[in-house]
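One structure is given here, and the rest of the page talks about it.
Numbering (the working numbering), first residue to last: 4 to 115.
Right, here's the structure in full:
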């Protein structure tokens, strides 16, 4: 994506939609596989966030040069990814459960 030539801020970018859709497709399978103990799934989520977030932030620094509009779009995309990551533990659940505090802390610290 050419962030310097971005002319308007729209909905989330296609790459955010792709990441979110992959998470929604993969996480329920992983959650079912680790269903014997919630702590293992929580640990998976924490480790995933600790791995994914630094790589995402590193990719953001490579997005130079960018215009003010491009920066606004990246800000929107980052917020949408943060929201998707915070919802990660409850993807595929019938009951909307609050994410564990340890996981929420990792995501908020990494994405802020």
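Note that CB positions come from ideal geometry on N, CA and C, so glycine has one too.
For residue i, which residues from the same chain have a beta carbon less than 7 angstroms from its beta carbon, with the 5 sequence-adjacent residues on both sides left out?
| i | result |
| --- | --- |
| residue 85 | 110 and 114 |
| residue 81 | 114 |
| residue 79 | 12 and 15 |
Assuming residue i and residue j are in contact, meaning their beta carbons sit under 8 angstroms apart, how far apart are those beta carbons, in whole angstroms?
| i | j | result |
| --- | --- | --- |
| residue 102 | residue 93 | 7 angstroms |
| residue 7 | residue 83 | Between residue 83 and residue 7 the Cβ distance is about 21 angstroms, and since that is not below 8 angstroms, they are no contact. |
| residue 30 | residue 106 | Actually they do not touch by this definition, with Cβ atoms about 13 angstroms apart. |
Could you pull out every residue in the same chain whose Cβ sits closer than 8 angstroms to the Cβ of residue i, ignoring the five residues on either side in sequence?
| i | result |
| --- | --- |
| residue 72 | 9, 10, 11 and 12 |
| residue 44 | 33, 34, 37, 38 and 92 |
| residue 99 | 93 |
| residue 63 | 77 and 81 |
Compare the Cα-Cα distances from residue i to each of the options and report the closest residue.
| i | options | result |
| --- | --- | --- |
| residue 46 | 76, 24, 91 and 5 | 91 |
| residue 18 | 106, 77 and 69 | 77 |
| residue 59 | 88, 68 and 24 | 88 |
| residue 5 | 69, 42, 61 and 53 | 69 |
| residue 23 | 55, 74 and 42 | 55 |
| residue 112 | 27, 52, 20 and 40 | 52 |
| residue 104 | 42, 27, 21 and 65 | 42 |
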